[in-house]
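J.: The opening position of the sequence shown corresponds to residue 1 in UniProt numbering, with each subsequent residue numbered one higher. We treat Cβ as the ideally placed atom computed from N, Cα and C, and that holds for glycine. Below: one structure in structure tokens.
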Amino acid sequence: MASHSPNLECRMYEARYPEVDMAVMIQVKNIADMGAYVSLLEYNNIEGMILFSELSRRRIRSVSSLIKVGRIEPVMVLRVDKEKGYIDLSKRRVSEEDIQACEERYNKSKLVHSIMRHVAETLGIDLEELYVNIGWPLYWKYGHAFEAFKIIVTDPDSVLNSLTREVKEIGPDGQEVTKVIPAVTEEVKDALVKNIRRRMTPQPLKIRADVEMKCFQFDGVLHIKDAMRKAEAAGNNDCPVKIKLVAPPLYVLTTQTLDKEQGISVLNKAIAACTEAIEKHKGKLTVKEEPRAVSERDDKLLAEHMAKLHQDNEEVSGDEDSEEEEDTGMGEVDVENSSSGFMD
């Protein structure tokens with residue numbers, strides 16, 4: 001590990017300056033008399049300028065409505081003076097297609113840069129050294145280092161073991177010789193793979209649907225239980241289906257999957273199987289919320305709602321014999337195991 005304080009500032013790409021007619025991502029730093037000074041985020045925050053005449057194709061009534069300090073957005077490169085370090089940019093000449101392509105590239109580059117910077121900081125090595133040996137060669141070989149990182153998640157050796165670099169040494173005869181050695185040490189490789197897998201391994205999506213299910217037959221509970229089993233049987237190893245009671249007659253069906261479309265399809269099949277089973281016994285299933293991807297927050301809200309319903313149910317349990325209350329309960333339900341149901 002290097003003893004000096006590592007330099008963690010570096011551009012994302014090998015080229016020090018962008019090409020003319022290229023869309024780049026900038027952040028507005030200051031608005032002056034002639035235009036706006038900006039930082040080019042992909043090029044280690046080197047400075048560029050957008051003249052007011054390049055803000056809009058229309059007549060400018062208010063500069064503040066077009067550009068604000070702190071805003072991040074794509075713009076077009078008009079001129080690059082590498083000797084003086086001047087970069088002229090345009091907001092009005094960037095097309096929707098340019099914007100979309102630039103944002104997609106930048107988001108990928110930003111993730112790569114974050115991983116590379118973390119590895120450099122952790123190991124105490126210069127970020128540019130890491131880019132020279134790993135990052136930029138991967139950009140050349142794969143079009144974007146992000147594409148290489150996706151492969152590294154499952155097969156790091158196929159990507160990293162092919163990288164080499166040249167070092168100069170003094171041979172036995174006193175002459176300088178060039179040797180080709182692996183570009184990635186085991187220490188760097190382990191740290192890089194660990195970070196890439198942590199940041200880029202796909203996380204399963206939770207897919208959920210909300211339904212109401214009722215059956216007024218004498219054996220309604222048994223029929224609902226059977227319909228629930230049919231719903232769960234519609235799942236598979238990749239998308240196992242679970243069905244839980246929220247409060248009669250509301251149930252939720254869930255599955256977890258890496259493929260959103262597959263998860264939605266499986267839940268739709270589960271709903272269809274459940275519907276067919278309950279309708280055979282003159283029951284009814286109504287879809288309240290179609291299958292959709294849900295967040296951890298949605299899960300938390302559902303859990304809180306179920307807990308509140310459970311608490312409310314305990315508070316009124318002494319009123320079971322009230323003549324005013326309709327008898328809709330059919331005993332306890334094992335929610336976790338989805339092995340029983342309610343009749344409404």
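From the DSSP secondary-structure annotation, give me the bridge partner or partners of Arg165.
T.: Sequence index remark: in the sequence shown, residue 165 carries index 165 (1-based). DSSP, once it has assigned bridges, lists Ile181 as partnering Arg165.
J.: Per DSSP, which one or two residues make a beta bridge with Gln256?
T.: As a first step, residue 256 is located in the sequence shown; it is residue number 256 there, counting from the start. Paired residue(s): Lys206.
J.: Decide if Ser322 is buried, meaning its Cβ has at least 16 other Cβ atoms within 10 Å, or exposed.
T.: Your numbering for residue 322 matches position 322 in the sequence shown. A caution first: Ser322 carries a pLDDT of 40, below 50, which makes its placement in the model unreliable, though a value can still be read off. Ser322 is exposed by the Cβ-count criterion.
J.: Mind pulling the alpha helix (DSSP H) runs of 4 or more residues that sit fully within the segment 132 to 163?
T.: Within the segment 132 to 163, the complete alpha helix (DSSP H) runs of at least 4 residues are 136 to 142, 145 to 152, 156 to 160.
J.: When you compare only the Cα positions, how much space is there between Val241 and Pro204?
T.: On the sequence shown, residue 241 is found 241 positions in, with the first residue counted as 1. On the sequence shown, residue 204 is found 204 positions in, with the first residue counted as 1. Those two C-alpha atoms are separated by around 14 Å.
J.: Rank Val63, Ile115, Gly143 by C-alpha distance to the C-alpha of Leu130 and give the top, closest one.
T.: On the sequence shown, residue 130 is found 130 positions in, with the first residue counted as 1. Ranking the options by Cα distance to Leu130, first place goes to Ile115.
J.: Would DSSP call Arg71 helix, strand or coil?
T.: Here residue 71 is taken as the residue at index 71 of the sequence shown, counted from 1. DSSP places Arg71 in coil when its eight states are reduced to three.
J.: Would Lys288 pass as a contact of Val211 if the rule is Cβ separation under 8 Å?
T.: As a position in the sequence shown, residue 288 is number 288, starting the count at 1. As a position in the sequence shown, residue 211 is number 211, starting the count at 1. Going by C-beta atoms, Lys288 is nearer than 8 Å to Val211.
J.: With a 10 Å radius around its C-beta and 16 neighbouring C-beta atoms as the bar for buried, classify Thr286 as buried or exposed.
T.: Numbered from 1 along the sequence shown, position 286 holds the residue referred to as residue 286. With fewer than 16 other Cβ atoms within 10 Å, it is exposed.
J.: Asn30 and Val119: beta carbons closer than 8 Å?
T.: In the sequence shown, residue 30 corresponds to position 30, counting from 1. In the sequence shown, residue 119 corresponds to position 119, counting from 1. Their beta carbons are not under 8 Å apart, which means Asn30 does not touch Val119 by this criterion.
J.: My assumption, with CB atoms under 8 Å, is that Ile207 sits in contact with Ile264. Please give the rounded CB distance.
T.: The count along the sequence shown starts at 1 and reaches residue 207 at position 207. The count along the sequence shown starts at 1 and reaches residue 264 at position 264. Confirmed, Cβ separation roughly 6 Å.
J.: Can you tell me whether Ile87 is helix, strand or coil according to DSSP?
T.: For the purposes of this step, residue 87 is identified with residue 87 of the sequence shown, where counting begins at 1. DSSP places Ile87 in strand when its eight states are reduced to three.
J.: According to DSSP, which residues form a beta bridge with Thr286?
T.: The residue labelled residue 286 in the question sits at position 286 within the sequence shown. Paired residues: Glu212.
J.: Okay, do the segment 174 to 182 and the segment 252 to 260 touch, 3+ Cβ pairs below 8 Å being the bar?
T.: Because the criterion of three Cβ pairs below 8 Å is not met, the segment 174 to 182 and the segment 252 to 260 do not touch.
J.: Going by beta carbon distance, what residues of the same chain come within less than 8 Å of Ile170, once the five residues before and after it are set aside?
T.: Residue numbering aside, residue 170 sits at position 170 when the sequence shown is read from its first letter. Around Ile170: Glu176, Val177.
J.: Among Tyr86, Ser65, Ile50, Ser109, which one has its Cα closest to the Cα of Val94?
T.: Against the sequence shown, residue 94 aligns to sequence position 94. Ranking Tyr86, Ser65, Ile50, Ser109 by Cα distance to Val94 puts Ile50 first.
J.: Measuring alpha carbon to alpha carbon, tell me which residue in Val38, Ala23, Lys168 is nearest Gly70.
T.: As a position in the sequence shown, residue 70 is number 70, starting the count at 1. Comparing Cα positions, the closest option is Val38.
J.: Since Tyr106 is in the alpha helix (DSSP H), which residue starts that stretch and which ends it?
T.: Your numbering for residue 106 matches position 106 in the sequence shown. Residues 96 to 123.
J.: What is the DSSP secondary structure of Asp219, counted as helix, strand or coil?
T.: As a position in the sequence shown, residue 219 is number 219, starting the count at 1. Three-state result, Asp219: coil.
J.: Going by C-alpha to C-alpha distance, which of Arg229, Thr255, Phe216 sits closest to Pro249?
T.: As a first step, residue 249 must be located in the sequence shown, where it is residue number 249. That would be Phe216, whose Cα lies nearest to the Cα of Pro249.
J.: Do three or more CB pairs link the segment 182 to 201 to the segment 289 to 302 at distances below 8 Å?
T.: Contact between the segment 182 to 201 and the segment 289 to 302 is absent, because fewer than three Cβ pairs lie under 8 Å.
J.: CB-CB under 8 Å to Met22, same chain, minus the five flanking residues each way: which ones, in chain order?
T.: Counting from 1 along the sequence shown, the entry for residue 22 is found at position 22. Excluding positions up to five away in sequence, the list reads Met76, Val77.
J.: If you reduce the DSSP assignment to three classes, tell me which class Gln27 lands in.
T.: For the purposes of this step, residue 27 is taken as the residue at position 27 of the sequence shown. Here Gln27 sits in strand by DSSP.
J.: Counting along the chain, where does the beta strand (DSSP E) carrying Lys194 start and finish?
T.: For this step, residue 194 is matched to residue 194 along the sequence shown. No beta strand (DSSP E) contains Lys194, which is instead part of the alpha helix (DSSP H) from 186 to 200.
J.: Excluding the 5 residues flanking Gly85 on each side, which residues of the same chain have their C-beta closer than 8 Å to its C-beta?
T.: Locating residue 85 in the sequence shown gives position 85, where the first residue counts as 1. These residues qualify, in order along the chain: Ile46, Glu47.
J.: I need the boundaries of the alpha helix (DSSP H) containing Leu40, first residue and last residue.
T.: Taking the sequence shown and counting its residues from 1, one reaches residue 40 at position 40. Unbroken run through Leu40 is the beta strand (DSSP E), 35 to 40; no alpha helix (DSSP H).
J.: Taking contact to mean 3 or more Cβ pairs, one atom from each stretch, closer than 8 Å, check whether the segment 94 to 106 and the segment 13 to 20 are in contact.
T.: Output reads no: the segment 13 to 20 does not touch the segment 94 to 106.
J.: Span of the beta strand (DSSP E) holding Glu47?
T.: Your numbering for residue 47 matches position 47 in the sequence shown. Here the beta strand (DSSP E) through Glu47 covers 46 to 51.
J.: Would you mind working out which of Arg92, Ala183, Cys239, Glu103 sits nearest Leu138, comparing C-alpha positions?
T.: As a working note, residue 138 is residue 138 in the sequence shown. Measuring from the Cα of Leu138, the nearest candidate turns out to be Ala183.
J.: Please classify Asp319: is it buried, with 16 or more other beta-carbons within 10 angstroms of its beta-carbon, or exposed?
T.: In the sequence shown, the residue the question calls residue 319 occupies position 319. The predicted model places Asp319 with a pLDDT of 47, which falls under 50 and marks its position as unreliable; any figure quoted below should be read in that light. It is exposed - the Cβ of Asp319 has fewer than 16 other Cβ atoms within 10 Å.
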